[in-house]
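First up is the structure itself, then whatever we jot down about it.
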């Protein structure tokens with residue numbers, strides 16, 4: 024691919040971006056003029072996934088209705104919580 | 024006070040308990056028969072305060088609308104968050 028320093032080339036690249044739909048999965052803060060911010064902060068605090076509230080609500084509901092028994096009886100039991108993350112985190116860091 | 028081993032004495036003690044209204048501030052899990060559990064777990068996971076959702080929603084909203092700028096611009100800015108806890112925690116642990 025030959026890089027071309029034009030807006031149309033950039034727009035074409037965006038149109039071909041296989042990952043572009045992931046953008047819709049995050050809350051993007053607004054500038055004071057109402058437009059989305061350009062958000063380059065990836066190593067500190069990323070954008071909030073739109074699914075975050077639902078995940079937190081699941082845990083709040085389990086805490087509310089189960090109390091300490093949520094360690095064993097929650098939808099995602101808290102005691103082995105780290106086990107739910109093992110496979111995906113291994114993929115992220117290249118572990119086996 | 025002379026302890027008396029009767030239900031009426033216990034009910035009287037409950038009626039005079041200055042802290043009893045705090046019970047209403049927590050979500051109490053139910054037994055299978057629909058009654059509140061008797062919850063003695065205080066050193067592991069306490070009952071969920073009814074205010075918890077609102078506190079979490081405040082932080083979710085700030086993350087959603089501010090992104091990383093929440094460290095400085097959130098209602099409760101994240102960077103000095105520990106400072107908000109200092110006075111109350113000092114009271115809890117008897118520090119000055």
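Residue numbers (the working numbering), protein chains in the order written: chain A, 24 to 119; chain B, 24 to 119. For every residue, glycine included, the Cβ atom is placed at its ideal position computed from N, Cα and C.
Beta-carbon separation (whole angstroms), residue i vs residue j, contact threshold 8 Å
i	j	result
residue 71/A	residue 83/B	7 Å
residue 68/A	residue 91/B	4 Å
Proximity winner among the options, relative to residue i (alpha-carbon distances)
i	options	result
residue 109/A	52/A, 119/A, 26/A and 85/A	119/A
residue 59/B	38/A, 87/A, 45/A and 37/A	87/A
residue 48/A	114/A, 94/A and 75/A	75/A
residue 64/B	111/A, 94/A and 44/A	94/A
CB of residue i within 8 Å of CB of residue j, strictly
i	j	result
residue 85/B	residue 73/B	no
residue 52/A	residue 89/B	yes
residue 79/A	residue 79/B	yes
Fully enclosed by the segment 46 to 85 of chain B, which beta strand (DSSP E) runs are 3 residues long or longer? none
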